[in-house]
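Residue numbers (this note's numbering): 219 to 701. Following: one structure in structure tokens, then a few remarks.
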């Protein structure tokens, strides 16, 4: 080998070691950067003249682990969306020991009735029935409002998610194009691939997906259900029309709420084999269209029970057919055809509220009484107290056919909600644990600073050796030129 060839070989080695040092430094600097994949320099020997040359910078990734973690991301986000709904509902109903809970409101109302029956002549005792009855109705309204707000929020979140999905898919398509261009120019694309991976991670939280390598650094994306999200120049476009206000009677089946569309075609997010099932997006549809309506049905059943308990002639003989009792549906009696959403409309009768022009003595004499009766007569008050504790079959809301007092019914509502919450939180906890395990494994496969520092020492030695060779050859050439 001539001196010039030796010099060329040493210079090529120097260039490669310098590039390696740059890559190792980048690895160390980005050890804590989310989405950063470890880089390494792929080299090969020069065919002509010896030496070494850099071929490309490669990213170290585990596609199987990445796919598992993304699937876990989707499952965790879905379970969290469902658990969040049940946490909010359980919080609105409240625990029995909570003075603001639904159960506590029923107990206070029952106590007020019993107390008034023991001293029917007391205006203060009668007034307490009005106050506690109004608080109880308001509490039922509050639970219904919580369900409605959560349902509305799910609809809003679906709309925002669709907007983000469309933007993310376009971004991945643009990155694909940039990678093709830069690859053709012989430029490094590892940073773009990192960026693309992070964007795809965001998509995968909403919809479980799989990657398909199309070569030349290009990726196609398909949902776990087989829907093409991105393949070449074909980018799926999601569509959704949010509703400004969702009331309990609105549903997808009636055409009042928007379905998800993909490229203009309806896609059922809740079908058994949905093209977009399994992630946060489908869970939001589940909250809006299944979970929240079911909860609304339960609280409506409770409201119906309270209204029906006090509107019968056996409870208040002064009531005419069609008259409302202590609890009303926006002032009227209960109509089975209008049960949906009744929890939002239940109110305590204004006939007994002096602030609304009513008379508290009607609690003692009967709501339909034409004249005031004896102030010491507790018969009607006792009927009201008995109506509250009487065992009745709850005919709607998914409750079993057992006989229940009002207190037992509200307790069963809390129990059903708590059981569902516990189940969803267990699922959420398991999904979170699995997700954290997979993320930890990804980090373990990420930048190992100890290994990188060891590589730097090797690179330093190689650099020094190549530099020494160049120095020696230069001295030899100088000697030759002096001859």
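A virtual CB, placed ideally from N, CA and C, is assigned to each residue, including glycine. Treat the numbers as computed from the prediction; the structure is a model and nothing was measured.
- prompt: By a C-beta neighbour count over all protein chains shown, 10 Å radius and 16 as the cutoff for buried, is residue 357 buried or exposed?
  reply: By one-based count along the chain shown, residue 357 stands at place 139. Buried, since its Cβ has 16 or more Cβ neighbours within 10 Å.
- prompt: So, is residue 518 buried or exposed, given that buried needs 16 or more other C-beta atoms within 10 angstroms?
  reply: Residue mapping note: residue 518 aligns to position 300 of the chain shown, counting from 1. Buried, because 16 or more other Cβ atoms sit within 10 Å of the Cβ of residue 518.
- request: For the stretch 400 to 432, list the alpha helix (DSSP H) runs that are entirely contained and at least 4 residues long, ordered along the chain.
  value: Counting whole runs of 4 or more residues, the stretch 400 to 432 contains the alpha helix (DSSP H) stretches 408 to 424.
query: Taking DSSP as the reference, what is the three-state secondary structure of residue 520?
result: Against the chain shown, residue 520 aligns to sequence position 302. In the structure shown, residue 520 sits in a helix (DSSP, three-state: H, G or I).
message: So, for residue 190: in the same chain, excluding its five sequence neighbours on each side, which residues have a beta-carbon less than 8 Å away from its beta-carbon?
response: Residue 190 lies beyond the residue range present for the chain, which begins at 219 and ends at 701; the question has no answer from this structure.
field: Residues of its chain near residue 301, where Cβ-Cβ distance is below 8 Å and the 5 sequence neighbours each way are ignored
entry: In the chain shown, counting from the first residue as 1, residue 301 sits at position 83. If you ignore the 5 residues before and after residue 301, its C-beta comes within less than 8 Å of the C-beta of 639, 642, 643, 645, 646, all in its own chain and listed in chain order.
query: residue 603 to residue 502, Cα distance in whole Å?
result: Indexing the chain shown from 1 puts residue 603 at position 385. Indexing the chain shown from 1 puts residue 502 at position 284. About 42 Å.
query: Does the distance from the CB of residue 434 to the CB of residue 398 come in under 8 Å?
result: Position 216 of the chain shown, counting from 1, holds the residue named residue 434. Position 180 of the chain shown, counting from 1, holds the residue named residue 398. Yes. Within cutoff.
query: Which residues in the same chain have their Cβ closer than 8 Å to the Cβ of residue 551, if we skip the five residues on either side of it in sequence?
result: Within the chain shown, numbered from 1, the residue matching residue 551 stands at position 333. In chain order, 525, 529, 540, 541, 542, 543 place their CB closer than 8 Å to the CB of residue 551, counting only its own chain and leaving out the 5 sequence neighbours on each side.
- request: Counting only runs of 4+ residues fully inside the stretch 296 to 372, write out the alpha helix (DSSP H) ranges in chain order.
  value: Along the stretch 296 to 372, the alpha helix (DSSP H) occurs as fully enclosed runs of 4 or more residues at 320 to 336, listed in sequence order.
- request: Inspect the CB distances between the stretch 373 to 391 and the stretch 230 to 237 and report whether three or more fall short of 8 Å.
  value: The answer is no - the stretch 230 to 237 does not touch the stretch 373 to 391, with fewer than three Cβ pairs under 8 Å.
query: When the Cα of residue 623 is compared with those of 492, 527, 584, which residue comes out closest?
result: Along the chain shown, read from residue 1 onward, the residue named residue 623 stands at position 405. When each option's Cα is compared against that of residue 623, the closest is 527.
task: Please say whether residue 583 and residue 600 have beta carbons closer to each other than 8 Å?
output: In the chain shown, counting from the first residue as 1, residue 600 sits at position 382. In the chain shown, counting from the first residue as 1, residue 583 sits at position 365. No, the Cβ-Cβ distance between residue 600 and residue 583 is not below 8 Å.
- prompt: When you compare only the Cα positions, how much space is there between residue 729 and residue 363?
  reply: Any question about residue 729 goes unanswered here, given that the chain covers just 219 to 701.
task: Would you mind sorting residue 282 into buried or exposed? The rule is 16 or more other CB atoms within 10 Å of its CB.
output: As a working mapping, residue 282 is identified with position 64 in the chain shown. Counting other Cβ atoms within 10 Å of its Cβ, residue 282 stays below 16 and is therefore classed as exposed.
- request: Tell me, please, whether the stretch 360 to 375 touches the stretch 571 to 582 by the rule of three or more beta-carbon pairs shorter than 8 Å.
  value: Short answer: they don't touch.
task: Note down the Cα distance separating residue 534 from residue 565, rounded to an integer number of angstroms.
output: By one-based count along the chain shown, residue 534 stands at place 316. By one-based count along the chain shown, residue 565 stands at place 347. So the alpha carbons of these two residues sit roughly 18 Å apart.
field: Identified DSSP bridge partners for residue 440
entry: Mapped onto the chain shown, residue 440 falls at position 222. Paired residues: 428, 446.
- request: Could you tell me the boundaries of the beta strand (DSSP E) in which residue 564 lies?
  value: By one-based count along the chain shown, residue 564 stands at place 346. 564 to 566 is the span of the beta strand (DSSP E), which, as asked, contains residue 564.
- request: Please determine if the stretch 676 to 685 and the stretch 233 to 240 are in contact, where contact requires at least 3 C-beta pairs separated by less than 8 Å.
  value: Judged by Cβ distances under 8 Å, the stretch 676 to 685 makes contact with the stretch 233 to 240, as three or more pairs qualify.
query: Roughly how many angstroms lie between the CA atoms of residue 403 and residue 412, to the nearest whole one?
result: On the chain shown, position 185 is the one that residue 403 refers to. On the chain shown, position 194 is the one that residue 412 refers to. Rounded to whole angstroms, residue 403 to residue 412 spans 19 Å at the Cα level.
- prompt: Just the Cα atoms here: how many angstroms apart are residue 395 and residue 506?
  reply: What you label residue 395 is simply residue 177 of the chain shown in a count that begins at 1. What you label residue 506 is simply residue 288 of the chain shown in a count that begins at 1. Using only the alpha carbons, I get a separation of about 38 Å.
message: Within a Cβ cutoff of 6 Å, which residues of the same chain sit near residue 513, ignoring the five residues on either side of it in sequence?
response: In the chain shown, counting from the first residue as 1, residue 513 sits at position 295. Taken in chain order, the residues that qualify are 307, 365.
field: Proximal residues to residue 436 (C-beta, below 8 Å), its chain only, five neighbours per side dropped
entry: Your numbering for residue 436 matches position 218 in the chain shown. Hits under 8 Å: 394, 397, 398, 450.
- prompt: Just curious, the alpha helix (DSSP H) that residue 483 is in, first and last residue?
  reply: One-based indexing of the chain shown puts residue 483 at position 265. Where residue 483 is concerned, there is no enclosing alpha helix (DSSP H), although the beta strand (DSSP E) it sits in stretches over 483 to 485.
- prompt: So, residue 448 versus residue 438, is the Cβ gap smaller than 8 Å?
  reply: For the purposes of this step, residue 448 is identified with residue 230 of the chain shown, where counting begins at 1. For the purposes of this step, residue 438 is identified with residue 220 of the chain shown, where counting begins at 1. Taking 8 Å as the Cβ cut-off, residue 448 and residue 438 qualify as a contacting pair.
query: What are the start and end residues of the alpha helix (DSSP H) that includes residue 545?
result: Sequence index remark: in the chain shown, residue 545 carries index 327 (1-based). If you look at residue 545, you'll find it isn't in any alpha helix (DSSP H); it sits in the beta strand (DSSP E) that goes 545 to 547.
query: In its own chain, which residues sit with a C-beta less than 7 Å from the C-beta of residue 563, not counting the 5 before and 5 after it?
result: As a position in the chain shown, residue 563 is number 345, starting the count at 1. Taking C-beta separations shorter than 7 Å and ignoring five residues to either side along the sequence, the partners of residue 563 in its chain run 547, 548, following chain order.
task: Take residue 264 as the anchor and find which of 635, 234, 292, 337 has the nearest alpha-carbon.
output: Counted from its first residue, the chain shown places residue 264 at position 46. Residue nearest to residue 264 within the set 635, 234, 292, 337 is 234 (criterion: CA-CA distance).
- request: Since I believe residue 321 is in contact with residue 532 (beta carbons under 8 Å), could you give me their beta-carbon distance rounded to a whole number of angstroms?
  value: In the chain shown, residue 532 corresponds to position 314, counting from 1. In the chain shown, residue 321 corresponds to position 103, counting from 1. Not quite, the Cβ-Cβ distance comes to about 26 Å (not below 8 Å), so this is no contact.
Residue 482 versus residue 560: straight-line alpha-carbon distance, rounded: Within the chain shown, the letter at position 264 stands for residue 482. Within the chain shown, the letter at position 342 stands for residue 560. Roughly 36 Å between the two C-alpha positions.
message: Taking the beta strand (DSSP E) that residue 261 belongs to, which residues open and close that run?
response: For this step, residue 261 is matched to residue 43 along the chain shown. First-last of the beta strand (DSSP E) with residue 261: 256 to 263.
Every unbroken beta strand (DSSP E) inside the stretch 460 to 504 [3 residues or more]: Look at the stretch 460 to 504 and you find these whole runs of beta strand (DSSP E), each 3 residues long or longer: 478 to 480, 483 to 485.
- prompt: If you draw a straight line from the C-alpha of residue 462 to the C-alpha of residue 474, how long is it?
  reply: Here residue 462 is taken as the residue at index 244 of the chain shown, counted from 1. Here residue 474 is taken as the residue at index 256 of the chain shown, counted from 1. Distance between the alpha carbons of residue 462 and residue 474: 11 Å.
message: What would DSSP say about residue 663, mapped onto helix, strand or coil?
response: Indexing the chain shown from 1 puts residue 663 at position 445. Three-state DSSP puts residue 663 in coil, outside helix and strand.
message: Does residue 621 come out as helix, strand or coil in the three-state DSSP assignment?
response: Start at 1 with the first residue of the chain shown, and residue 621 comes out as number 403. Secondary structure of residue 621 (DSSP, three-state): strand.
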